[in-house]
Each structure stands twice: as C-alpha cells, then as structure tokens.
Amino acid sequence: MKEEIKKIIEKAITKLQAEKVFVNFDLPEILVETPKDNTHGDYSTNIAMVLSKILQKNPNEIANLIREKIGEIKDNGKIEVVGGFINFYLSKEYLQKQIAEILKQKEKFGNLKFGKNKKINVEFISANPTGPLTLGNGRGGFGGDVLANVFIKAGYKVTKEYYINDTGNQIKVLGHSVLKDVEAVYKGEYIEELNKKVKGKTVEDVGEKASKIILEKMIKPSVKKMGIKFDVWFSEKSLYQKKEVDKVILELEKNNFTYKSENAVWFKSINIGDDKDRVLIRTDGIKTYFASDLAYLKNKFERGFDQLFFFLGADHHGYLARLKAGAFALDYDKEKINTVVMQMVRLFENGKEVKMSKRAGTYVTIDELIDEVGLDVARFFFLSRTPDTQFNFDLNLAKEKSDNNPVFKVQYAYARIFSILKKTKNQKLNIKNFSLLKESAEINLIKQIIKLPEIIRNTAQDYQTQRLPQYALDLAENFHSFMKDVKLFRLTKI
RNA sequence: GCUCCCGUAGUUCAAUGGAUAGAAUAGAAUCCUUCUAAGAUUUAGAUGUAGGUUCGAUUCCUACCGGGAGCACCA
Numbered sequence: 002m003k004e005e006i007k008k009i010i011e012k013a014i015t016k017l018q019a020e021k022v023f024v025n026f027d028l029p030e031i032l033v034e035t036p037k038d039n040t041h042g043d044y045s046t047n048i049a050m051v052l053s054k055i056l057q058k059n060p061n062e063i064a065n066l067i068r069e070k071i072g073e074i075k076d077n078g079k080i081e082v083v084g085g086f087i088n089f090y091l092s093k094e095y096l097q098k099q100i101a102e103i104l105k106q107k108e109k110f111g112n113l114k115f116g117k118n119k120k121i122n123v124e125f126i127s128a129n130p131t132g133p134l135t136l137g138n139g140r141g142g143f144g145g146d147v148l149a150n151v152f153i154k155a156g157y158k159v160t161k162e163y164y165i166n167d168t169g170n171q172i173k174v175l176g177h178s179v180l181k182d183v184e185a186v187y188k189g190e191y192i193e194e195l196n197k198k199v200k201g202k203t204v205e206d207v208g209e210k211a212s213k214i215i216l217e218k219m220i221k222p223s224v225k226k227m228g229i230k231f232d233v234w235f236s237e238k239s240l241y242q243k244k245e246v247d248k249v250i251l252e253l254e255k256n257n258f259t260y261k262s263e264n265a266v267w268f269k270s271i272n273i274g275d276d277k278d279r280v281l282i283r284t285d286g287i288k289t290y291f292a293s294d295l296a297y298l299k300n301k302f303e304r305g306f307d308q309l310f311f312f313l314g315a316d317h318h319g320y321l322a323r324l325k326a327g328a329f330a331l332d333y334d335k336e337k338i339n340t341v342v343m344q345m346v347r348l349f350e351n352g353k354e355v356k357m358s359k360r361a362g363t364y365v366t367i368d369e370l371i372d373e374v375g376l377d378v379a380r381f382f383f384l385s386r387t388p389d390t391q392f393n394f395d396l397n398l399a400k401e402k403s404d405n406n407p408v409f410k411v412q413y414a415y416a417r418i419f420s421i422l423k424k425t426k427n428q429k430l431n432i433k434n435f436s437l438l439k440e441s442a443e444i445n446l447i448k449q450i451i452k453l454p455e456i457i458r459n460t461a462q463d464y465q466t467q468r469l470p471q472y473a474l475d476l477a478e479n480f481h482s483f484m485k486d487v488k489l490f491r492l493t494k495i
C-alpha cells in the first residue's frame, strides 16, 4: 500500500511539472509513513514540506496542489491535507478485503520478496565450549534467532550458524581447570563433575574431551531449551584438519599483507581499516584465534553467502574492523560483513551489581532463567529492548515481575484465540461476507494485523528486533478490546 | 589518551528528521467477574546540560556532565 501511495504521488508531481505548475527538479525520495496518531490517517507523507524549499512555496499550498492532482483512489476512504502533511485514510472495504486475503494466504501472510532469495549467514552465540550458556548468551541467542527468522520471513535464504572454538588455548585452559592443577582457571559444579569423569593423556586431550561433553550435554540442550535450532555447528578444529588456516595465511602472504617481526607472523591490517596490525602466528609457533577466524571467514565466503551477520557482545566490538580488513586482504567484498553489537548484560542482585564471570564461577545460566520464569517470559524479556543499550538484569525482579509481565497479556490473547478456534472446529463456517466487519474494534484490529509485513520489512532493514514483542503486545491489546466489544457467540448458546 | 554504546514518566522500555514524545508496570478513579486465565475504560506523570544545522531535533553535528564496554604474541 505504501508503495502504491508513493507511485500515486510521484505521478501527481510529474503531471504538475508537465503542466508547468511546478518547475522541473529531480524528485526526492518520497517518504510515506504511518502516523503515530491514527487521527492523522493510516498513511501520511511530508513531501510537500520537503518540496517547499525547492519550489519556494508554502507547504500547505503544494500539498493542496498535489492533493487535487491525485483525485480519488480506489480503496481509499479520504485524503486530507493538514498542516502540509498529506494524509491517506484506508476505506473499510479495503480493510475488509485484507482479511479475505489473509485467510487465503494463511501462515504465508507477511512473507516478503524483499530478500530476493539472497543467502544470508547469521552467526550467533558461538560461546566457547568451556562452560554453560549464561544470560549474556541469552541476549545474543534470542536476538540472533529472531533476526534470522525475520530474514526468512522477508525472503532471504538463511543459515543459522554456531562457531565452536574447540581447539587452542581456551581448550588447554579448560584442561588445566578440569585437572585442577596450578593453571586451573574455570570454576563451578560442572568442573567438579568433569574432574571425576574425564581422563586423558595430556592437558589438551582432557580439555578436548571435556569440551565435547560441555558442548553435547550442556550447550546443545540449552540451545534447544531456548527454542533455537542451528543449521550448522561449525568446528574450528575442522579448519585446522583441512589445512584451511595454513591456506589462508599463505594467501595473505601472496597478497603482500603479512610480515615477520620478532619471529612472529603479522597481518598488515593497519592501513586497511584496523587500528593496528594483528598477529597470525605467535613466536612459539601457535596460530592465533584470529588466524582461524580468517580461515572461517574465507570458508563462509566460499560457501557463497551474500551477507554475513555476526552477533557480537560489546566486548568484541573492535572485531568488525579486523574482519573487514581480512575480507579486503582476501579480495572479498567487505561490505557484505555486518555486525549487530549487543551491549552487555549486567547482573544485579538486590540492587547491587554482581560481576558475571565464567572464570570466577559467578554467573546465572540461561537454563536457570528459563526454569525460573519460563521460555516465553525469558525470550520476551530479552527481545523487548534494543541491542544498543545495556541490560541490567535483576533475577529477583524478573521473578517478581513475571506475574504482571506484559507477555502474559500476549499469552492470554493466544489462549482466547485458540479457544475460539476449538469451539468453531466442528462448525461449518461459511465466511464470505466481510462487510460485517465494521465495528471500530474490528477495524482497529484489522489495521493492527495488516501492519505485520511492514514490521518485518523494517526489522530486516534496521535489525531492531524489539519491534516484534511490541507488535505482539499491541496486537494482543487490540484483540482484547475486540473481544470486549464484539460478542462473537452472542447468537449461539454456549 | 583513543574507539564504540547508552542517558526519555517513580520503574522497565519505545519513538524510519515530523503532527499533542508512545507503551508496559506501579499510582488514582470507574466497569467486568468472563467466549479458559492475568480483562476493559479514564486519569496524572519524562527527553542529562549548553550551543549548532533544519520549515521542524529524543533522533544529526560540537562541547560538557554521568554510566558501561574495548584498546595483548587472550579470545
């Protein structure tokens, strides 16, 4: 609808130019928006204000000229000019038709062609297999999952991917921790259990075995519990086994992006977007995580993705520059790399901050949270705020609040809808006459429902996933109002 | 010192450069006691400070104040 309005306005302006009412100018982009206040119409454009400078005319005058040229549009109730805005109102007939259309489309309603079937890789969580998933992973997990789902709905081909750092220093550290020797770092009950269970010849061996158990018995079940399904679990170790790390270092050498200094091999990234050079092979011969990250990046590009998304914690925000430099040096398009940086989740207890640390063993796991408040509450809780702002999490408050949490309003609406569907299951309903949908509660509900495609589109563009819980809440509220005002079964005895 | 994020009702959060800054929750008032719940309506209450750009700034720019994160041959 928005697009149609844009075209209509464009046509009107072009006509006015042809008639020499307007001078010729390059048409600026026409913004059609949904006003916050619905008395200002269902759609609205500020084009007249934008043009007032170019045309040296009063916005209201311009708006009226355009309004006249537009004439009447089918499906439109009325078009009004107010204070320079041109406001469009949808007619009841148009709205009623939308319901018929939705019933035809069923769950395909809201599917867009926006993504043009482009391939997107969304990597999220990717927590090291050295301990359980915590609240911070909850934020990245739900956020990544939902954004990936939005992309799917918007018409992209999406791969949800988890990168497992199953080799290297962290694994060695885990080994020490499980053996409880002097170099032990990680603490917690699970370490105690692994200490009893895992035996191995070397520290690395112990670490690797332990990390496999953590991945299979802790992380994967947590992910499942979160309602997330990954398409690919990608192992870092496999990159070494297939010599992809060596290959990528060779390629950088060939492209003249490496040098040796103090017996270490460096990636010359300082002049291509990064603020310093990065080590690829340390003096002791060990390749850094960044080296395998580049191999992984190359691997993703080779799989033919059009866009790569990384969900990063704020503590990794500097990572983007490094990755882009890597892509550039490897002759890939660095613009295909996108990151969503999630600010930190800080844990509070009784108003005081508790530093979360896997190493110190002070953290709240995502399992604990879900057990405590339920999956819906947890998901809704994390998703309802923008990734840009830090998240102060008070478990006591979350528990307390769960009784009057907005999510229950949404669940209640779902329950009521389900109940209606159950009641009508055995009745043969012949739904044809949509013109009966004319009460204001009905009209408002329809207007809310048909916002979905726009929500999907906007979110696919700006990644602000908090829009979705908000939409669900608005929809639930409209539905409750509707249930209050319209007695669905008033003619049948229940 | 440099880089990034954030300062909005009592609280938790919204607001593609637009119209009277929206919700939720807590507060006040009224209704409902249910088509399975925790439902509906009304009401009061906020943009850190100082400039700038703009017809118009919560949004963009600058400075300052405050909170957080990062600046390793760790990830």
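Each number in my numbering comes from the position in the first sequence (counting from 1) with 1 added on.
C-beta atoms are modelled at their ideal positions from N, C-alpha and C, and glycine is treated no differently.
If you draw a straight line from the C-alpha of residue i to the C-alpha of residue j, how long is it?
i, j, result
"V174", "N112", "46 Å"
"L56", "I229", "54 Å"
"I250", "L281", "8 Å"
"I456", "E62", "33 Å"
"E205", "V159", "35 Å"
"I287", "G327", "19 Å"
"A330", "H317", "21 Å"
"R458", "F115", "7 Å"
"L136", "E69", "57 Å"
"H254", "A155", "Strictly speaking, residue 254 in this sequence is Glu, with His absent from that position. About 40 Å."
"R386", "Y464", "12 Å"
"L376", "K226", "8 Å"
"T466", "G305", "26 Å"
"I495", "K424", "Because the pLDDT of I495 is 34, which lies under 50, any placement of that residue in the model is unreliable, and the number read from its coordinates should be weighed accordingly. Approximately 9 Å between the Cα atoms of the pair."
"Q512", "F392", "Since the first residue of the chain shown is 2 and the last is 495, residue 512 is not available in this structure."
"G319", "D278", "13 Å"
"N264", "T284", "5 Å"
"D515", "V374", "The structure shown does not extend to residue 515, since the chain is modelled only from 2 through 495, so no value can be given for it."
"F110", "I103", "6 Å"
"F231", "E440", "44 Å"
"Q117", "D334", "The question names Gln, but residue 117 in the sequence shown is Lys. Each residue's alpha carbon lies about 19 Å from the other."
"N257", "K244", "20 Å"
"L438", "I444", "7 Å"
Please determine, among the options, the residue with the shortest C-alpha to C-alpha distance to residue i.
i, options, result
"A473", "L453, A265, I103 and D27", "L453"
"P36", "Y290, I165, Y90 and K248", "Y90"
"I153", "F143, K12 and N122", "N122"
"K161", "N170, V151 and T168", "V151"
"N47", "T40, L148, I31 and N39", "I31"
"L313", "D332, I126 and K8", "I126"
"S223", "D368, A211 and I14", "D368"
"S212", "E124, P133, E263 and T259", "P133"
"V341", "D486, G305, P470 and T390", "T390"
"F86", "A64, A101 and I100", "A64"
"N272", "K244, E190 and A322", "A322"
"L476", "K410, N406, G84 and S262", "K410"
"Q471", "R140, S436 and V408", "V408"
"L298", "K248, A265, V82 and K261", "K248"
Looking at the structure shown, is residue i part of a helix, part of a strand, or coil, going by DSSP?
i, result
"Q57", "coil"
"S358", "strand"
"I273", "coil"
"K439", "coil"
"V365", "coil"
"D372", "helix"
"G78", "strand"
"I1", "The first residue shown for the chain is 2 and the last is 495, placing residue 1 beyond what the model contains."
"N393", "strand"
"S92", "coil"
"T493", "Below a pLDDT of 50, predicted positions are generally treated as unreliable, and T493, at 41, falls in that range; no measurement from the model is reported."
"N406", "coil"
"E102", "helix"
"V487", "coil"
"T131", "coil"
"K424", "helix"
"T460", "helix"
"Y157", "coil"
"V33", "strand"
Below 8 Å, how does it come out for the segment 281-293 and the segment 340-352: are there three or more Cβ pairs, yes or no? In the pairwise beta carbon analysis, the segment 281-293 is classified as not touching the segment 340-352: fewer than three pairs are separated by under 8 Å.
Alpha helix (DSSP H) runs contained entirely in the segment 307-348, provided each spans 4 or more residues: 320-330, all fully within the segment 307-348.
TODO: For the segment 167-216, list the alpha helix (DSSP H) runs that are entirely contained and at least 4 residues long, ordered along the chain.
DONE: DSSP runs (the alpha helix (DSSP H)) wholly in the segment 167-216: 170-180, 190-198 and 204-214.
What residue ranges within the segment 217-278 form continuous beta strand (DSSP E) runs of no fewer than 3 residues, ordered along the chain? Look at the segment 217-278 and you find these whole runs of beta strand (DSSP E), each 3 residues long or longer: 233-236, 259-262 and 265-268.
(Q) Three Cβ pairs or more, each shorter than 8 Å: is that satisfied between the segment 162-173 and the segment 237-246? (A) Taking 8 Å as the limit for Cβ pairs, the verdict is that the segment 237-246 does touch the segment 162-173.
request  = Count the C-beta pairs between the segment 370-386 and the segment 352-362 that are closer than 8 Å, then say yes if the count reaches three, no if not.
outcome  = Proximity of the segment 370-386 to the segment 352-362 falls short of the contact definition, fewer than three beta-carbon pairs being nearer than 8 Å.
Segment contact flag, the segment 358-366 with the segment 187-199, C-beta cutoff 8 Å, min 3 pairs: Contact between the segment 358-366 and the segment 187-199 is established, with three or more Cβ pairs separated by less than 8 Å.
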